[in-house]
Amino acid sequence: MAAPTEDWRDKLKVHPICKRLKDAAGNKYPYEVVGEAKSLLSIKNGDLFVWDSYSANIVHCNLKSLLSVSQKESADARFQVLMCTDTPRFDVEGLALNSCGSHLAVWGPRGIRVLELPQRWGKHSEFEGGKDVISCRTVSLATRHLAGSQWVQVRQVTWHPGSPSDTHLAVLTSDNIFSVYNLTEPERPLSSTNLQPGELNSFQASPTKFNISAALGETAVAFTFGPPHELRPVKRPFQIPKSEDAVTVWPVYVVRGNGDVMVTYSEVVSNRPLQLPTQGPLVMYPPAVDNYGVDACSVMCLETSPPVLIVATCDGRIHHCLILPASDSEAKSKELTVSPDLPKYRHPGEPLLYVVESVELELSLTDGNLDPVASELSQDHFTCPIKLIKDPVSTDRYHCCHSAGVHSVALPWVHALHNFLSNEACEFVLPEDQESVVEHLICTKPLYSSPAAPVLGMDIVSDPTLTPTLLVLSMDHDFTALPMSCKYRNPFSGFMRDSSCVEGLSSPLRRIAAEPFSQHIAKILHRSVSNPLLMTNPNTEMSQRECYMLLMRVTQVLREEYVQKQEHAQQETDTRVRILTDQKEQQLLELKSLEQTKNSLRDKAEKIGERLQSCHDNQDDLLRRLEAIMRKIQCRVPLLSMSEKHMHSELLEMKEKTEEFTKNLTQLRAKQEYQQRHMCQPQTVSSPSTHLRQQQVHHIKDILKEEGDQIACLMKQISQLKMETSL
1 MAAPTEDWRD
11 KLKVHPICKR
21 LKDAAGNKYP
31 YEVVGEAKSL
41 LSIKNGDLFV
51 WDSYSANIVH
61 CNLKSLLSVS
71 QKESADARFQ
81 VLMCTDTPRF
91 DVEGLALNSC
101 GSHLAVWGPR
111 GIRVLELPQR
121 WGKHSEFEGG
131 KDVISCRTVS
141 LATRHLAGSQ
151 WVQVRQVTWH
161 PGSPSDTHLA
171 VLTSDNIFSV
181 YNLTEPERPL
191 SSTNLQPGEL
201 NSFQASPTKF
211 NISAALGETA
221 VAFTFGPPHE
231 LRPVKRPFQI
241 PKSEDAVTVW
251 PVYVVRGNGD
261 VMVTYSEVVS
271 NRPLQLPTQG
281 PLVMYPPAVD
291 NYGVDACSVM
301 CLETSPPVLI
311 VATCDGRIHH
321 CLILPASDSE
331 AKSKELTVSP
341 DLPKYRHPGE
351 PLLYVVESVE
361 LELSLTDGNL
371 DPVASELSQD
381 HFTCPIKLIK
391 DPVSTDRYHC
401 CHSAGVHSVA
411 LPWVHALHNF
421 LSNEACEFVL
431 PEDQESVVEH
441 LICTKPLYSS
451 PAAPVLGMDI
461 VSDPTLTPTL
471 LVLSMDHDFT
481 ALPMSCKYRN
491 PFSGFMRDSS
501 CVEGLSSPLR
511 RIAAEPFSQH
521 IAKILHRSVS
531 NPLLMTNPNT
541 EMSQRECYML
551 LMRVTQVLRE
561 EYVQKQEHAQ
571 QETDTRVRIL
581 TDQKEQQLLE
591 LKSLEQTKNS
601 LRDKAEKIGE
611 RLQSCHDNQD
621 DLLRRLEAIM
631 RKIQCRVPLL
641 SMSEKHMHSE
651 LLEMKEKTEE
661 FTKNLTQLRA
671 KQEYQQRHMC
681 QPQTVSSPST
691 HLRQQQVHHI
701 KDILKEEGDQ
711 IACLMKQISQ
721 LKMETSL
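Reading the sequence shown from the start, the letters are residues 1 to 727 in this note's numbering.
Right under this line is the structure:
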């Protein structure tokens with residue numbers, strides 16, 4: 001089963017869905033030109049949804065079905081077309097599928113449509129058992145709001161993460177209005193927040209107002225949801241707060257075009273959503289003169305601990321910011337100002353942003369060393385919006401797509417920071433030189449003079465049966481599947497100071513080394529620049545000079561990032577092998593010396609054992625002689641000891657008993673002789689009968705036998721005592 005898992009990416013390239021999308025792209029009108037990257041692709045649990053702009057419908061394909069077909073059968077595989085009952089009449093910019101996979105949002109600058117996906121059944125769990133064309137109920141959202149002014153456009157549409165029914169959509173429009181809609185009431189927002197206090201209603205504002213705000217960068221361009229917060233009720237006098245009164249709100253981080261980050265809070269559980277004031281612009285540390293860019297285009301919050309806010313600008317710069325909670329002094333000051341006029345819940349403190357690092361993406365393969373003129377022109381003219389996409393497989397990684405290609409950015413220092421903050425048993429040290437890992441995966445604009453070929457869609461296949469894969473839809477409607485790996489992760493990112501933390505290591509040498517040799521080699525082979533896949537515009541024409549520049553850049557990267565680092569790693573490996581060889585020879589010599597010492601110690605141990613046995617025998621002989629001497633000395637002592645006196649008294653008692661037993665025995669013998677004589681005499685008739693019964697005779701014999709045994713035992717004891725006293 002391992003081979004089909006690796007082959008489904010190749011089978012997708014010949015799938016009929018690619019032919020349909022290419023045919024639809026060929027039927028477009030010439031003036032339909034794509035200038036920026038879009039999100040016309042969405043993947044959930046192996047289900048691929050792609051927007052067909054020519055027929056204005058959704059094309060669905062189950063990627064898991066490719067595992068059970070061969071390479072030839074994949075060319076005849078099936079796909080399903082989901083038709084909208086209310087067809088969008090606007091340019092679609094993105095697709096958004098909710099977490100449970102029941103609704104699919106299709107949105108663009110001038111409208112929002114939500115498709116209710118049909119039921120599934122059948123072998124591959126296809127919609128309505130596998131019908132080719134299915135009509136889906138379509139709901140139109142915020143039509144009145146968008147139709148009220150031609151200057152109002154949709155900036156971003158995202159499903160609300162706190163929706164209990166997964167039917168709430170968060171919408172950001174160009175008039176600085178953040179709204180939350182429920183599909184049950186598509187024209188009436190559940191909550192609406194003005195992100196620019198003091199501004200008039202969007203229906204009453206003039207177009208000039210929007211143009212000036214956009215020119216100054218004061219309009220909101222993107223938003224993202226952060227981790228939820230739990231609001232506790234305000235403690236009021238003579239009132240006991242209840243635990244069930246707590247409300248969970250979701251912070252919404254909104255970025256403006258000038259780089260300012262605002263925070264508003266959204267809640268969709270209660271019947272009357274809370275209206276908390278908008279906070280911001282948030283203070284960013286350390287402060288910068290240009291406020292970390294004046295052309296922000298996207299924002300995203302990583303679900304890490306602590307959370308990381310990603311802010312991207314159109315010039316290819318990305319800022320990684322830690323979201324820090326408000327200080328305790330501010331929270332206490334708010335608690336001291338409690339009055340009956342305050343709201344029911346305490347407002348959360350305004351967070352702070354700490355910029356850990358800034359990353360600059362490589363939007364073109366040429367640099368100033370190869371073409372100074374092109375580099376100068378690019379810095380002044382070449383900019384493009386960047387879309388940020390989370391990686392569901394790894395929380396500390398995200399992906400970027402834009403009109404110049406695709407990048408992948410990993411933050412290994414987040415894992416080290418989490419260990420540093422959460423581990424209490426050991427002291428972890430944060431590596432100061434650990435930076436983010438940026439991979440240039442796909443390049444669609446190798447030169448600054450090349451026409452743009454923006455990415456039409458990008459998403460991550462997170463199903464374990466398909467293996468983690470980054471799926472990219474290029475401008476020519478070809479799918480590019482890139483396997484995702486976690487090589488950037490470093491299990492020794494936080495070095496331990498406490499020796500108790502390394503007691504589990506088997507080798508004592510590992511406790512001495514600061515890092516393993518494999519990690520040292522991995523650091524040497526780490527590439528800061530890579531050669532991406534080239535997916536240029538079909539109309540791209542490059543001169544010989546441009547081809548030479550591109551070749552020089554690729555050669556330079558291969559030389560600096562591959563060959564030189566591999567040679568360095570080889571030198572380190574050879575040095576390591578030489579050192580280990582010398583250590584091995586020294587250890588072999590020491591082992592030989594230890595073996596000789598072992599043999600000599602064994603011989604000495606045998607000799608010592610023989611001497612010990614002879615000493616033990618001599619000791620036993622001396623003990624026996626000593627006992628004999630002590631016995632003789634004791635016998636010649638004129639005074640009796642207590643034991644001897646006690647024994648003498650016992651002998652006297654036994655002597656008296658022996659004399660008494662002898663006297664009794666003499667009497668018994670005399671009686672026995674008398675009885676025998678009497679029995680032998682003839683008896684007369686007149687004499688009375690003296691005959692004993694048989695039972696009496698046996699009883700007398702038993703008594704005599706017992707007394708005889710006792711007398712014999714006493715005589716034996718007397719003779720033994722006589723022998724002992726004679727000594």
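Glycine included, C-beta positions come from ideal geometry on N, C-alpha and C.
Touching by the beta-carbon criterion (3+ pairs, under 8 Å), the segment 344–362 and the segment 312–326: Segments in contact, yes.
CB contact check: L322 to chain D, cutoff 8 Å: The chain labelled as chain D is not found in the depicted structure, where only one protein chain is given.
Chain-order list of residues whose beta-carbon lies under 8 Å from that of L668 (same chain, five-residue window excluded): Against the sequence shown, residue 668 aligns to sequence position 668. Around L668: L704 and E707.
C-alpha gap between A416 and L361, whole angstroms: As a working mapping, residue 416 is identified with position 416 in the sequence shown. As a working mapping, residue 361 is identified with position 361 in the sequence shown. Looking at the two C-alpha atoms, the distance is approximately 24 Å.
Identity of the residues DSSP links to R578 by a beta bridge: As a working note, residue 578 is residue 578 in the sequence shown. DSSP links R578 through a beta bridge to no other residue.
Under 8 Å between C-beta atoms of I521 and Y398: In the sequence shown, the residue the question calls residue 521 occupies position 521. In the sequence shown, the residue the question calls residue 398 occupies position 398. The beta carbons of I521 and Y398 sit no closer together than 8 Å.
Limits of the alpha helix (DSSP H) - the one that I323 falls within: Residue numbering aside, residue 323 sits at position 323 when the sequence shown is read from its first letter. It is not in any alpha helix (DSSP H) - I323 instead sits in the beta strand (DSSP E) that spans R317 to L324.
When C400, W151 and L421 are compared against L441, the one with the closest alpha-carbon: As a position in the sequence shown, residue 441 is number 441, starting the count at 1. Of the listed residues, the one whose Cα sits closest to L441 is C400.
Contact between the segment 115–126 and the segment 140–150 (3+ Cβ pairs under 8 Å): Under the Cβ criterion (8 Å, minimum of three pairs), the segment 115–126 does not count as touching the segment 140–150.
With 16 other Cβ atoms within 10 Å as the buried cut-off, status of C615: Position 615 of the sequence shown, counting from 1, holds the residue named residue 615. When all chains shown are included, C615 counts as exposed.
Whole runs of the beta strand (DSSP E) within the segment 416–487, excluding any shorter than 3 residues: Runs of the beta strand (DSSP E) inside the segment 416–487: 437–443, 457–461, 469–473 and 479–483.
Beta carbon of Y345 nearer than 8 Å to that of V234: As a working mapping, residue 345 is identified with position 345 in the sequence shown. As a working mapping, residue 234 is identified with position 234 in the sequence shown. Cβ atoms of Y345 and V234: closer than 8 Å.
A605 to R611 span [Cα, whole Å]: Taking the first residue of the sequence shown as position 1, residue 605 is located at position 605. Taking the first residue of the sequence shown as position 1, residue 611 is located at position 611. Within the model, the alpha-carbon separation for A605 versus R611 is close to 10 Å.
8 Å Cβ cutoff met for E93 and K38: The sequence position of residue 93 within the sequence shown is 93, counting from 1. The sequence position of residue 38 within the sequence shown is 38, counting from 1. It is a contact, given that the beta carbons lie within the stated cut-off.
Spatial distance of V577 from I524 (CA atoms): Counting from one through the sequence shown, the residue named residue 577 turns up at place 577. Counting from one through the sequence shown, the residue named residue 524 turns up at place 524. Rounded to the nearest whole angstrom, the C-alpha separation of V577 and I524 is 17 Å.
Under the three-state DSSP convention, the category V308 falls into: Residue mapping note: residue 308 aligns to position 308 of the sequence shown, counting from 1. Strand.
Spatial distance of A288 from V81 (CA atoms): Sequence index remark: in the sequence shown, residue 288 carries index 288 (1-based). Sequence index remark: in the sequence shown, residue 81 carries index 81 (1-based). Answer to the nearest angstrom: the Cα atoms are 51 Å apart.
Which of helix, strand or coil DSSP assigns to I524: For the purposes of this step, residue 524 is taken as residue 524 along the sequence shown, with counting starting at 1. If DSSP states are grouped into helix, strand and coil, I524 belongs with the helices.
Distance CB(V252)-CB(V263) smaller than 8 Å: Taking the sequence shown and counting its residues from 1, one reaches residue 252 at position 252. Taking the sequence shown and counting its residues from 1, one reaches residue 263 at position 263. A Cβ-Cβ contact shorter than 8 Å links V252 with V263.
Alpha-carbon spacing of Q720 relative to K607, whole angstroms: Position 720 of the sequence shown, counted from the first residue, corresponds to residue 720. Position 607 of the sequence shown, counted from the first residue, corresponds to residue 607. Distance from the CA of Q720 to the CA of K607, rounded to the nearest whole angstrom, comes to 49 Å.
Three or more C-beta pairs below 8 Å linking the segment 283–301 and the segment 173–189: No: fewer than three Cβ pairs fall under 8 Å.
Residues that D47 bridges to, as DSSP identifies them: Position 47 of the sequence shown holds residue 47. As computed with DSSP, D47 is found in a beta bridge with K44 and N62.
DSSP state of I389 mapped onto helix, strand, coil: The count along the sequence shown starts at 1 and reaches residue 389 at position 389. In the three-state DSSP reduction, I389 falls in the strand class (E or B).
For I177: DSSP bridge partner residues: As a first step, residue 177 is located in the sequence shown; it is residue number 177 there, counting from the start. Residue pairing by DSSP puts I177 in a beta bridge opposite N194.
contact_flag[the segment 9–26, the segment 51–67] where n(CB pairs < 8 Å) is 3 or more: They touch, by the three-pair rule.
Given S485 as reference, the closest of S649, L470, S474 and D478 once Cα atoms are compared: As a first step, residue 485 is located in the sequence shown; it is residue number 485 there, counting from the start. Of the listed residues, the one whose Cα sits closest to S485 is L470.
As assigned by DSSP and simplified to three states, the class of G111: Here the question's residue 111 lines up with position 111 in the sequence shown. Assigned with DSSP and collapsed to three states, G111 falls in strand.
For K11 and V171, the rounded distance between their alpha carbons: On the sequence shown, position 171 is the one that residue 171 refers to. On the sequence shown, position 11 is the one that residue 11 refers to. One C-alpha to the other measures close to 37 Å.
Nearest candidate by alpha-carbon position, reference G130, set C61, Q196, N98 and L388: Position 130 of the sequence shown, counted from the first residue, corresponds to residue 130. Residue C61 holds the alpha-carbon nearest to the alpha-carbon of G130 among C61, Q196, N98 and L388.
Candidates W121, M723 and R317: closest to V359 by CA position: Within the sequence shown, the letter at position 359 stands for residue 359. Here the closest residue by C-alpha is R317.
Neighbourhood of D166 by C-beta, 8 Å cutoff - its chain only, sequence neighbours within 5 removed: As a working note, residue 166 is residue 166 in the sequence shown. Only N98, S99, C100, S102, H103 and W159 meet the Cβ criterion.
Opening and closing residue of the alpha helix (DSSP H) in which T143 lies: In the sequence shown, residue 143 corresponds to position 143, counting from 1. T143: member of the alpha helix (DSSP H) spanning T143 to A147, first to last residue.
Span of the beta strand (DSSP E), counted from its first residue to its last, around F223: Position 223 of the sequence shown, counted from the start, is the residue given in the question as residue 223. It spans A220 to F225 - the beta strand (DSSP E) in which F223 sits, taken as one unbroken run.
Span separating the alpha-carbon of D391 from that of D582: Start at 1 with the first residue of the sequence shown, and residue 391 comes out as number 391. Start at 1 with the first residue of the sequence shown, and residue 582 comes out as number 582. Taking the straight line joining both Cα atoms gives about 47 Å.
Close-in-space but distant-in-sequence residues of the same chain around V69 (CB under 8 Å, 5 per side omitted): Here residue 69 is taken as the residue at index 69 of the sequence shown, counted from 1. If we look at V69 and ignore the five residues flanking it on each side, its Cβ neighbours are K11 and A77.
One or two residues paired with G94 in a DSSP bridge: Stepping through the sequence shown from its first residue, residue 94 is reached at position 94. Paired residue(s): S39 and W107.
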